[in-house]
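This report refers to the structure that appears directly beneath it.
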Amino acid sequence: MRTGAVNPNWNHPMGALRVDSYDSAIDATVGITDTTITDSPYSAFEFVSGGGQGYPVRNVTVNGATVRNTGTVVVQAEARGAATFRNVTASSVSAAGVYNCPYPANSGPFTLIDGSAYSTVAGAQGHRFDPATGNTATVALPAGTDLRYLRLSVSANTGWPAAQFGEVEAYLGS
Numbered sequence: 052m053r054t055g056a057v058n059p060n061w062n063h064p065m066g067a068l069r070v071d072s073y074d075s076a077i078d079a080t081v082g083i084t085d086t087t088i089t090d091s092p093y094s095a096f097e098f099v100s101g102g103g104q105g106y107p108v109r110n111v112t113v114n115g116a117t118v119r120n121t122g123t124v125v126v127q128a129e130a131r132g133a134a135t136f137r138n139v140t141a142s143s144v145s146a147a148g149v150y151n152c153p154y155p156a157n158s159g160p161f162t163l164i165d166g167s168a169y170s171t172v173a174g175a176q177g178h179r180f181d182p183a184t185g186n187t188a189t190v191a192l193p194a195g196t197d198l199r200y201l202r203l204s205v206s207a208n209t210g211w212p213a214a215q216f217g218e219v220e221a222y223l224g225s
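Per our numbering, residue 52 is the first one in the sequence shown, and the count goes up by one each step.
Have a look at this one:
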């Protein structure tokens, strides 16, 4: 899909794929799957209440999307509600983050839900950050571990009453 333009009625940029709760709330299940958006001059996905009433956009799932070359952000949210994103890749995006500005003001947030499933690949165990070794700790993951996202959970700190990270780096092993 290649689209996105300025709406001449409002002189307002429009995303390539627009989900608009113009006349009423969107509560039905909406699935956007295996979609490629290329060269949108503005955002890739836009969630909006174009009638200005602040109707929510809910129950939207974007699964298996590829976004290349957006003029602004991947997600432009101008309505309250939520959408789940799974297996979405984006490259050459002009602005990082999400444009999240529900209209009318203070009508409520738009929430992005990470639809990725997480599982424990390394259980809780003590790791020592020793100044003699550069205050580093290495956590080896089981052979064959294939990760796209890494979520760290800190359950305790053996040397201080609070958890702390200065930097986290993850590398693929050979």
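Using N, Cα and C, we set each Cβ at its ideal position, and we do this for glycine too.
Open item on the list: DSSP three-state label for ALA95, please.
Closed with: Counting from 1 along the sequence shown, the entry for residue 95 is found at position 44. Here ALA95 sits in coil by DSSP.
TODO: Figure out for me which residue from THR87, ASP90 and GLY101 has the closest Cα to the Cα of ASN60.
DONE: For this step, residue 60 is matched to residue 9 along the sequence shown. Residue GLY101 is the option with its Cα nearest to ASN60.
Task: Own chain residues within Cβ distance below 6 Å of PHE180, not counting five before or after - done: Taking the sequence shown and counting its residues from 1, the one referred to as residue 180 is at position 129. The answer, listed in chain order, is ASN186 and ALA188.
TODO: Could you tell me whether the region 59-76 touches the region 89-100, using the rule of 3 or more Cβ pairs below 8 Å?
DONE: yes
- [ ] Leaving out five residues on either side along the sequence, give the residues of the same chain with a beta carbon under 7 Å from the beta carbon of ALA146.
- [x] For the purposes of this step, residue 146 is identified with residue 95 of the sequence shown, where counting begins at 1. The answer, listed in chain order, is THR123 and VAL124.
- [ ] Report the three-state DSSP secondary structure of ALA182 (helix, strand or coil).
- [x] The residue given as residue 182 occupies position 131 in the sequence shown. Correcting the residue identity first, residue 182 is Pro in this sequence and not Ala. If DSSP states are grouped into helix, strand and coil, PRO182 belongs with the helices.
- [ ] Could you tell me if GLU129 is buried or exposed, where buried requires 16 or more neighbouring beta carbons within 10 angstroms of its beta carbon?
- [x] In the sequence shown, the residue the question calls residue 129 occupies position 78. Burial call: buried.
Open item on the list: DSSP three-state label for SER170, please.
Closed with: If you number the sequence shown from 1, residue 170 lands on position 119. Coil.
Open item on the list: Whole angstroms are fine: how far does the CA of TYR106 sit from the CA of ASP74?
Closed with: For the purposes of this step, residue 74 is taken as residue 23 along the sequence shown, with counting starting at 1. For the purposes of this step, residue 106 is taken as residue 55 along the sequence shown, with counting starting at 1. Answer to the nearest angstrom: the Cα atoms are 8 Å apart.
Task: Integer Cβ distance of VAL81 from VAL111, believed to fall under 8 Å - done: As a first step, residue 81 must be located in the sequence shown, where it is residue number 30. As a first step, residue 111 must be located in the sequence shown, where it is residue number 60. VAL81 to VAL111, Cβ: 4 Å. Contact.
- [ ] Report the residue from ALA194, GLU97 and ALA116 whose alpha carbon sits nearest the alpha carbon of VAL149.
- [x] For the purposes of this step, residue 149 is taken as residue 98 along the sequence shown, with counting starting at 1. Answer by Cα proximity: GLU97.
TODO: Look up GLU220 in the DSSP assignment and say whether it is helix, strand or coil.
DONE: Start at 1 with the first residue of the sequence shown, and residue 220 comes out as number 169. Residue state, collapsed to three classes: coil.
TODO: Have a look at ILE88 and SER167 and give me their C-alpha separation to the nearest angstrom.
DONE: On the sequence shown, residue 88 is found 37 positions in, with the first residue counted as 1. On the sequence shown, residue 167 is found 116 positions in, with the first residue counted as 1. The alpha-carbon atoms of ILE88 and SER167 are separated by roughly 21 Å.
Task: Extent of the continuous beta strand (DSSP E) to which ASN114 belongs - done: Here residue 114 is taken as the residue at index 63 of the sequence shown, counted from 1. Note, ASN114: beta strand (DSSP E), 108-114.
- [ ] Tell me whether ASP165 sits in a helix, a strand or coil according to DSSP, three-state version.
- [x] As a working note, residue 165 is residue 114 in the sequence shown. Strand, per DSSP.
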